[in-house]
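Okay, so the sequence shown: first residue is 5 according to this note's numbering, each after it adds one.
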Amino acid sequence: MTGIKAQGEKRLVLASGRAHPELAKEIAKELEIDLLPTSAYDFANGEIYVRFEESVRGTDAFVIQAHPAPINEWLMEHLIMVDTLKRASAKRITVIAPFYPYARQDKKHRGREPISARLVADMYKTAGADRLISVDLHTAQIQGFFDGPVDHLMAIPLLAEYVRTRVDLDNVTVVSPDTGRVRVAEQWAERLGGAPLAFVHKSRDVNVPNQAVAKTVVGQVEGRECVLIDDMIDTGGTIAGAVQVLKNAGAKDVIIASTHAVFSDPAARRLAESGAREVVVTNTLPITADKQFPQLTVLSIAPLIARAISEVFEDGSVTSLFDGKA
């Protein structure tokens, strides 16, 4: 049967939403299977219809969906696909959300605010998901929002392996865009041969979304190649501002490395004009032609997700993918 991989009595199916079919096809190729044939379309009023064209009864089903804009539409389609699998008697359903939707709303900054990241986890569970796979969650605490196993994949090995080839390891500094990501910066530093750390001090007004002001850098960056790391780039204002702070502090060069390329307008223009030598991201989200620019390098996350799917299906260890560091 198309899209089925047999192992003893177990069967694996991989289904994909419409948000980022290229990534799903790459993952299927890595697994040496075909995607589950799916019929999905919108009714005139915007309602989403999904039907799988083959039986999924008793299968170990993995359903992947990216969550670019319009994020609410793709989230709803993801939930409907999970519900479809549940009602079609799939034995186990694993949600793959490389970029977890609403991840930035993981806590209350002020009174009368929602914790939308928890709401999303609850909706996945209610729809019928048994397990969740995601890449570089905005904060690790989101793992606790889902009532079931969560495999938190890390793109650091992929990104760092590439960046190692682009810098002088004897003259590189890892820079966190704020104090909240210093722990991640430490993992980067370890993979870049024990590079020193720095961080950019910035201020943010909780009343103004997508806006933070980079003010100064703490750490030695003068005359050094700086690797500026973050989990996501949305409008690009904060990261572009951080590049300028580093340049003003005497940094020799700046490479930006980020997992999730949200790239809301005018991110592409800001990054292209920021002064960074290179911007390295993964394809957890689709990057359309209008969001690309000369300094952009896109690495495929498909091999990592495919290996995680194999480990879950074969009851192996996802942690082993990260040398025990996950």
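The beta carbon of each residue, even a glycine, is placed where N, CA and C say it ideally should be. Being a predicted model, the structure only gives us computed values, none of them experimental.
In whole angstroms, give me the CA-to-CA distance for residue i and residue j.
i: glycine 241; j: phenylalanine 297; result: 16 Å
i: aspartate 364; j: serine 262; result: The requested residue 364 does not occur in the structure, where the chain is confined to residues 5 to 330.
i: histidine 205; j: valine 222; result: 7 Å
i: glycine 245; j: alanine 276; result: 13 Å
i: valine 86; j: proline 161; result: 30 Å
i: threonine 1; j: alanine 265; result: For residue 1 there is no data in the structure shown, the boundaries of the chain being 5 and 330.
i: leucine 201; j: alanine 164; result: 15 Å
i: leucine 18; j: aspartate 238; result: 29 Å
i: leucine 16; j: phenylalanine 317; result: 7 Å
i: alanine 70; j: glutamate 26; result: 10 Å
i: glutamate 13; j: leucine 89; result: 19 Å
i: valine 322; j: alanine 101; result: 16 Å
i: alanine 144; j: arginine 170; result: 29 Å
i: alanine 330; j: asparagine 49; result: In this predicted model, alanine 330 has a pLDDT of only 45, less than 50, meaning its place in the structure is not dependable; the value taken from the coordinates is given anyway. Roughly 44 Å between the two C-alpha positions.
i: glycine 115; j: glutamine 109; result: 13 Å
i: phenylalanine 203; j: arginine 281; result: 19 Å
i: glutamate 315; j: phenylalanine 66; result: 12 Å
i: isoleucine 37; j: proline 72; result: 25 Å
i: lysine 256; j: valine 249; result: 12 Å
i: lysine 129; j: isoleucine 97; result: 10 Å
i: proline 270; j: asparagine 76; result: 21 Å
i: proline 153; j: glutamine 191; result: 24 Å
i: valine 139; j: valine 186; result: 18 Å
i: tyrosine 106; j: glycine 184; result: 18 Å
For residue i, collect the residues of the same chain with a Cβ closer than 6 Å to its Cβ; drop the 5 residues on either side in sequence, then sort them by chain order.
i: glycine 197; result: Leu173
i: serine 20; result: Ala28, Leu39, Ile68
i: glutamine 268; result: In the sequence as presented, glutamine is not what sits at residue 268; that position holds serine. Within the same chain, serine 268 has close Cβ partners Asp238, Thr239.
i: leucine 300; result: Val283
i: arginine 274; result: Gly240, Ala244
i: arginine 195; result: Ala164
Which residues mark the beginning and the end of the alpha helix (DSSP H) in which residue i is found?
i: methionine 158; result: Note, methionine 158: premise wrong, no alpha helix (DSSP H); not H, not E.
i: threonine 242; result: 241-252
i: threonine 88; result: 75-91
i: glutamate 34; result: 25-35
i: tyrosine 128; result: 120-131
i: phenylalanine 317; result: 306-317
Cα-Cα, which of the options is closest to residue i?
i: threonine 42; options: Glu81, Glu77, Glu36; result: Glu81
i: leucine 141; options: Phe66, Phe103, Thr177, Asn175; result: Phe103
i: valine 178; options: Glu77, Val258, Met236; result: Val258
i: aspartate 151; options: Leu136, Phe326, Ala159; result: Leu136
i: alanine 125; options: Arg114, Leu83, Ala94; result: Leu83
i: lysine 33; options: Ile97, Arg116, Ala65, Ile309; result: Ile309
i: isoleucine 291; options: Glu282, Leu303, Arg281, Ala280; result: Leu303
i: proline 74; options: Asp64, Ile37, Arg91, His24; result: His24
i: phenylalanine 56; options: Ala271, Ile243, Ser93; result: Ser93
i: valine 167; options: Ala199, Gly184, Val186; result: Ala199
i: threonine 220; options: Arg195, Gln191, Glu190, Lys251; result: Lys251
i: alanine 131; options: Val139, Leu79, Gln191, Gly184; result: Leu79
i: serine 59; options: Glu77, Arg185, Arg91; result: Arg91
Note the first and the last residue of the continuous beta strand (DSSP E) segment covering residue i.
i: histidine 264; result: 257-265
i: phenylalanine 66; result: 64-68
i: leucine 300; result: 300-303
i: glutamate 229; result: 229-237
i: isoleucine 100; result: 96-101
i: leucine 282; result: Sequence check: residue 282 is glutamate here, not leucine. Glutamate 282 -> beta strand (DSSP E) spans 282-286.
Short of 7 Å in beta carbon distance, which residues of its chain neighbour residue i, apart from the five on each side in sequence? Order them along the chain.
i: arginine 22; result: Ala44, Glu81
i: tyrosine 53; result: Ala44, Tyr45, Phe47
i: methionine 127; result: Leu83
i: alanine 306; result: Leu27, Glu30, Ile31, Glu34
i: isoleucine 119; result: Gln109, Asp110, Lys111, Lys112
i: tyrosine 117; result: According to the sequence shown, residue 117 is glutamate rather than tyrosine. Excluding sequence neighbours, glutamate 117 sits near nothing in its chain.
Tell me, to the nearest whole angstrom, how far the beta carbon of residue i is from that of residue j; I am working on the premise that it is less than 8 Å.
i: valine 99; j: alanine 121; result: The Cβ separation is near 14 Å, so there is no contact.
i: glycine 62; j: lysine 95; result: 5 Å
i: valine 247; j: glycine 279; result: 5 Å
i: valine 225; j: alanine 253; result: 5 Å
Can you give me the Cβ contacts of residue i inside the same chain, cut-off strictly under 8 Å, excluding the 5 residues immediately before and after it?
i: alanine 312; result: Ile137, Asp155, Leu157, Val322, Leu325
i: valine 188; result: Ile160, Ser180, Ile233, Asp235
i: aspartate 294; result: Ala272
i: valine 285; result: Ile237, Ala261, Ser262, Thr263, His264, Ala265, Ile291, Leu300, Thr301, Val302, Leu303
i: asparagine 175; result: Gly227, Arg228, Glu229, Lys256
i: glycine 320; result: Ser314
Would you say the beta carbon of residue i comes nearer than 7 Å to a heavy atom of the ligand COA?
i: leucine 89; result: In the structure on display, the ligand COA does not appear, and there are no ligands present to speak of.
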